[in-house]
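Number of protein chains: 2
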Amino acid sequence: MRKKTIEDYAELVYDLQKEKEKVHTNDVAAALNINPASVTEIFQKLSEEGYINYEKYIGATLTEKGKRIAKKTRKRHDTLTKFLLLLGIDEKTADEDACEMEHILHKDTMDAVIKFVEVVNQCKVTPFWLERLKKYVQTGKLDKCPDELVKICIDHSKKTKLKN
Amino acid sequence: MRKKTIEDYAELVYDLQKEKEKVHTNDVAAALNINPASVTEIFQKLSEEGYINYEKYIGATLTEKGKRIAKKTRKRHDTLTKFLLLLGIDEKTADEDACEMEHILHKDTMDAVIKFVEVVNQCKVTPFWLERLKKYVQTGKLDKCPDELVKICIDHSKKTKLKN
DNA sequence: AATAATTTTTAGGTATGCCTAAATTGTATT
DNA sequence: AATACAATTTAGGCATACCTAAAAATTATT
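As they're listed, the protein sequences go chains A and B.
Residues in the first sequence are numbered consecutively from 1, following our numbering.
Residues in the second sequence are numbered consecutively from 165, following our numbering.
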């Protein structure tokens, strides 16, 4: 697996802190399947950089700075997961890819994804086009687009062209 | 920037080979803004692993194995770029994010993206929903969904519900 | 409260992907 | 063909993100 970033650790400590006040190196080690000794080093670094308050043998808590980055990363993660689920990806794959994407996408791209999810959620029912795509992704079968829908798109396209 | 992967190098050598038969360490070094000495090491590794034929001081060419991975990666890259452009992301950002995403996405996710682009390309005109989303991404303005379109979605949703 | 068991840290090691400086090879010029 | 210049490789170094084994601190048991 990819090397973990500060964001990964902040996000994880954030989650673990919901269960227990102080997060121990062992908790993180178990969650990420790495050696506790490695987490000690990581905690020392995160502490130096002001993301966590860390007392050895006692555990770590997020600082305000750490909480900020953790929340931001978790929100990105959740939005990306939702986005991929909308496209018809299965839960596990969506979650894993979201975890990768959350670190690399430009703000503009992330914002577009947020808006994508927002627009779809605003709809009373799942939009036809999305159902159609999802079915295609999941079954390989692509339904024909209803004529009246094609008409709406063409009409709309003409209208906007006239404006310009 | 992120550490480059074998896929990155294969893709790059593939592109450079269009200009000249043998790709020199310097060509890659210049393209990636890294030290030629580093490229020598990379070429040695790629050669050991069978992605390139490499003769020192002479240059490198892709093997069949290398060509295969290069083409695959380039195709992914292009599809991802198109996908992001459809969402309203600008060219530079789309290209950069595509370059990151191409290495990390699961096959299922990549396939969904391919299908997304395919479905949109099949349309006679850019679908209304996509125009609407794109405008929202680029300007922040979200148009109202026409009533007849909402109706189509609701009707369709009822129909599919009945079937199940 | 002493000792055993567990958790955590320290110390030291490995692999990787980059670097610089120096040595080597190839190319161009006379 | 000899020499100068450019391109390339070799050798050695650095930082990072992990590791293992041993030492130290904490916690549990009697």
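Every residue, glycine too, gets a C-beta built ideally from N, C-alpha and C.
Please read these numbers as outputs of a predicted model, since none were measured by experiment.
DSSP bridge partner residues for residue i (one or two, in chain order)
{"i": "S218(B)", "result": "A small fix is needed here, since residue 218(B) is Tyr in this sequence, not Ser. Per DSSP, A224(B)."}
{"i": "V23(A)", "result": "A60(A)"}
Beta-carbon neighbours of residue i, restricted to chain B and to distances below 9 Å
{"i": "K200(A)", "result": "The structure shown does not extend to residue 200(A), since chain A spans only 1 to 164, so no value can be given for it."}
{"i": "L142(A)", "result": "K279, E282, V283, Q286"}
{"i": "L125(A)", "result": "What sits at residue 125(A) in the sequence shown is Val, not Leu. Neighbours of V125(A) on chain B, chain order: V314, C317, I318, H320, S321, K322."}
{"i": "L87(A)", "result": "T273, A276, V277, K279, F280"}
{"i": "L84(A)", "result": "T273, A276"}
Contact under 7 Å by Cβ, residue i with residue j
{"i": "K157(A)", "j": "V289(B)", "result": "It is Ser, not Lys, that sits at residue 157(A) in the sequence shown. The answer is yes: Cβ separation under 7 Å."}
{"i": "H77(A)", "j": "E7(A)", "result": "no"}
{"i": "T273(B)", "j": "I89(A)", "result": "yes"}
{"i": "L16(A)", "j": "V23(A)", "result": "yes"}
{"i": "T61(A)", "j": "T40(A)", "result": "no"}
{"i": "L313(B)", "j": "I154(A)", "result": "no"}
{"i": "Y51(A)", "j": "K65(A)", "result": "yes"}
{"i": "A94(A)", "j": "L85(A)", "result": "yes"}
{"i": "V281(B)", "j": "K246(B)", "result": "yes"}
Residue i: contacting residues in chain B (beta-carbon distance under 8 Å)
{"i": "Y136(A)", "result": "K279, V283"}
{"i": "D97(A)", "result": "I268, L269, H270, T273"}
{"i": "M1(A)", "result": "Simply none; closest approach about 11 Å."}
Separation of residue j from residue i, as counted between CA atoms
{"i": "W293(B)", "j": "A112(A)", "result": "14 Å"}
{"i": "C145(A)", "j": "I114(A)", "result": "26 Å"}
{"i": "K256(B)", "j": "C263(B)", "result": "11 Å"}
{"i": "L176(B)", "j": "K134(A)", "result": "34 Å"}
{"i": "P36(A)", "j": "I222(B)", "result": "48 Å"}
{"i": "Q286(B)", "j": "L142(A)", "result": "11 Å"}
{"i": "N217(B)", "j": "L210(B)", "result": "8 Å"}
{"i": "Q138(A)", "j": "E183(B)", "result": "41 Å"}
{"i": "V119(A)", "j": "E131(A)", "result": "14 Å"}
{"i": "D261(B)", "j": "Y136(A)", "result": "25 Å"}
{"i": "I233(B)", "j": "K75(A)", "result": "34 Å"}
{"i": "K67(A)", "j": "K323(B)", "result": "46 Å"}
{"i": "Y14(A)", "j": "E21(A)", "result": "10 Å"}
Closer than 7 Å at the beta carbon, the chain A residues around residue i
{"i": "H241(B)", "result": "Those do not exist, as H241(B) stays about 14 Å from chain A at its closest Cβ, beyond 7 Å."}
{"i": "E264(B)", "result": "I104"}
Host alpha helix (DSSP H) of residue i (start-end)
{"i": "I268(B)", "result": "255-268"}
{"i": "K299(B)", "result": "292-303"}
{"i": "P36(A)", "result": "36-48"}
{"i": "N121(A)", "result": "107-122"}
{"i": "V177(B)", "result": "170-180"}
Proximal residues of chain A, C-beta to C-beta of residue i below 8 Å
{"i": "T303(B)", "result": "Going along chain A, no residue has its Cβ under 8 Å from T303(B), so there is no contact; the nearest lies around 11 Å."}
Per-residue contacts from residue i into chain A (C-beta, under 9 Å)
{"i": "D254(B)", "result": "D108"}
Under 7 Å from the C-beta of residue i: neighbouring residues of chain B
{"i": "T93(A)", "result": "H270, D272, T273"}
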